[in-house]
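Colleague: My structure is below; once you've seen it, I'll send some questions.
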Amino acid sequence: MANMSESYINKFQRQLDTLAQDKLRLEAEFGNLKGLVKDLKNKSKDEISKRTEMENEFKKKDVDEAYMSKAELEALLEGLADQIHFSRQLYEEMRELQSKPPTHPWCCPWTTTAPWSGSIIAEVKAQYMEIPNCSWAEAETRPCTRSSMRSCRRWLGTWDDLHRTNPEISEKNRTSANSRLRSRASKARGLPWRPCHCW
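Numbering (UniProt numbering), first residue to last: 1 to 199.
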């Protein structure tokens with residue numbers, strides 16, 4: 001009976017030792033798993049943080065690009081609106097200019113013995129008659145760019161200058177006619193004629 005009891009005690013002791021070893025092994029494995037879970041948790045937090053940061057940066061970049069594109073389009077729209085307004089004004093001015101006859105008809109009964117007077121008159125008259133046609137042709141055939149508009153304005157400015165010069169030419173015509181009359185009167189009286197330096 002004593003031997004049987006001792007045999008059971010030894011058997012239970014071995015089971016207890018085995019359970020104790022299993023406990024130590026399981027505790028070690030638990031510690032390892034706990035550390036692994038902690039590492040995975042930290043890595044997951046880092047990945048989530050990096051992903052959020054990258055998404056925010058990407059969205060910010062998209063917003064910045066959209067804002068820059070909007071600003072560029074607004075600037076382009078403003079420039080096109082100015083160009084259209086300028087083109088419309090120029091077209092209206094040229095149409096009004098073409099619809100109105102010249103206020104000072106070209107009349108040049110200037111006869112003088114100066115050898116250079118005829119060429120000057122012909123050149124000025126040719127320029128005067130050519131300017132409206134060239135200006136209108138440029139407005140109809142060329143693209144409506146700022147350079148062509150400036151060119152048209154220069155032509156129109158030249159036309160205005162010729163309009164302002166026309167009274168001066170008329171005044172010189174009258175002066176020349178008066179000079180010829182004085183010359184004829186002096187010759188008729190037998191007096192020496194003195195030219196009038198009115199140029």
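Cβ atoms here follow ideal geometry from the backbone N, Cα and C, with glycine treated the same way.
#1: Counting C-beta neighbours from all protein chains within 10 Å, is the total for residue 4 16 or more, i.e. buried, or is it exposed?
#2: When burial is assigned at 16 or more other CB atoms within 10 Å of the CB, is residue 94 buried or exposed?
#3: For residue 27 and residue 11, I'd like the C-alpha separation in whole angstroms.
#4: Distance, Cα to Cα, residue 201 vs residue 78?
#5: What separation, rounded to the nearest whole angstrom, lies between the Cα atoms of residue 182 and residue 122?
#6: Cα separation between residue 147 and residue 50?
Modeller: In short:
#1: Walking along the sequence shown from the start, residue 4 turns up at place 4. Answer is exposed; the Cβ neighbour count stays below 16.
#2: Within the sequence shown, residue 94 is the residue found at index 94, counting from 1. Burial call: buried.
#3: Looking up residue 27 in the sequence shown gives position 27. Looking up residue 11 in the sequence shown gives position 11. Cα to Cα, residue 27 sits roughly 24 angstroms from residue 11.
#4: The structure shown does not extend to residue 201, since the chain is modelled only from 1 through 199, so no value can be given for it.
#5: Position 182 of the sequence shown, counting from 1, holds the residue named residue 182. Position 122 of the sequence shown, counting from 1, holds the residue named residue 122. Each residue's alpha carbon lies about 27 angstroms from the other.
#6: The sequence position of residue 147 within the sequence shown is 147, counting from 1. The sequence position of residue 50 within the sequence shown is 50, counting from 1. The predicted model places residue 147 with a pLDDT of 49, which falls under 50 and marks its position as unreliable; any figure quoted below should be read in that light. Pairing residue 147 with residue 50, the inter-Cα distance amounts to about 54 angstroms.
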